[in-house]
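Student: Before I ask anything, here is the structure I am working with.
In this note's numbering, the protein residues as written are 2 to 163.
Listed below in structure tokens is the structure:
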């Protein structure tokens, strides 16, 4: 069985000196796993309609917003919403007032869930793991977040790889 792992962008750099990442890259070359790099972070947003630098004509369709008090965490098609993931990662912040880095973190997890990858591999403990976030994301959405060392340990135990 080949496992699909979403790898945080910072871990895929060539200068990364993490032994467990080297093991994961070796397993990839052996065809045991597939490493999918997380979505590239956005560095800037397009200007909204009506502001300098914005598109000349208004957008074709306006999005319908769900009530902020809606208890639904998954959409009807089984996907997750930006608001539902951001409420776990950043419980004290309004999902519409996140900074660019926080928005990128939420987007990484949405794409990971959409692609149905088995593990999200990161060393970003503060945003993804600490404070029970790891357990809540697993129980609510089935998103398994682990550090590189944890993934190597888990796959070694499951498959007996060395």
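Note that CB positions come from ideal geometry on N, CA and C, so glycine has one too.
Tell me the rounded alpha-carbon separation between residue 154 and residue 83.
Tutor: Stepping through the chain shown from its first residue, residue 154 is reached at position 153. Stepping through the chain shown from its first residue, residue 83 is reached at position 82. One C-alpha to the other measures close to 31 Å.
Student: Out of 36, 97, 149 and 161, state which residue places its alpha-carbon closest to the alpha-carbon of residue 18.
Tutor: As a first step, residue 18 is located in the chain shown; it is residue number 17 there, counting from the start. Cα-wise, what sits closest to residue 18 is 149.
Student: Helix, strand or coil for residue 160 per DSSP?
Tutor: Taking the first residue of the chain shown as position 1, residue 160 is located at position 159. Reduced to three states, the DSSP call for residue 160 is helix.
Student: Determine which residues share a DSSP beta bridge with residue 37 and list them.
Tutor: Within the chain shown, numbered from 1, the residue matching residue 37 stands at position 36. In DSSP, residue 37 forms a bridge with 7.
Student: Rounded to whole angstroms, what is the Cα-Cα separation between residue 28 and residue 123?
Tutor: Reading the chain shown from its first residue, position 27 is the one you call residue 28. Reading the chain shown from its first residue, position 122 is the one you call residue 123. Cα to Cα, residue 28 sits roughly 17 Å from residue 123.
Student: Between which two residues does the beta strand (DSSP E) containing residue 145 stretch?
Tutor: By one-based count along the chain shown, residue 145 stands at place 144. Note, residue 145: premise wrong, no beta strand (DSSP E); not H, not E.
Student: Taking the alpha helix (DSSP H) that residue 107 falls in, what are its first and last residues?
Tutor: For the purposes of this step, residue 107 is taken as residue 106 along the chain shown, with counting starting at 1. It spans 101 to 116 - the alpha helix (DSSP H) in which residue 107 sits, taken as one unbroken run.
Student: Compute the Euclidean distance between the alpha carbons of residue 95 and residue 161, then round it to the nearest angstrom.
Tutor: Within the chain shown, numbered from 1, the residue matching residue 95 stands at position 94. Within the chain shown, numbered from 1, the residue matching residue 161 stands at position 160. Going from the Cα of residue 95 to the Cα of residue 161 covers about 44 Å.
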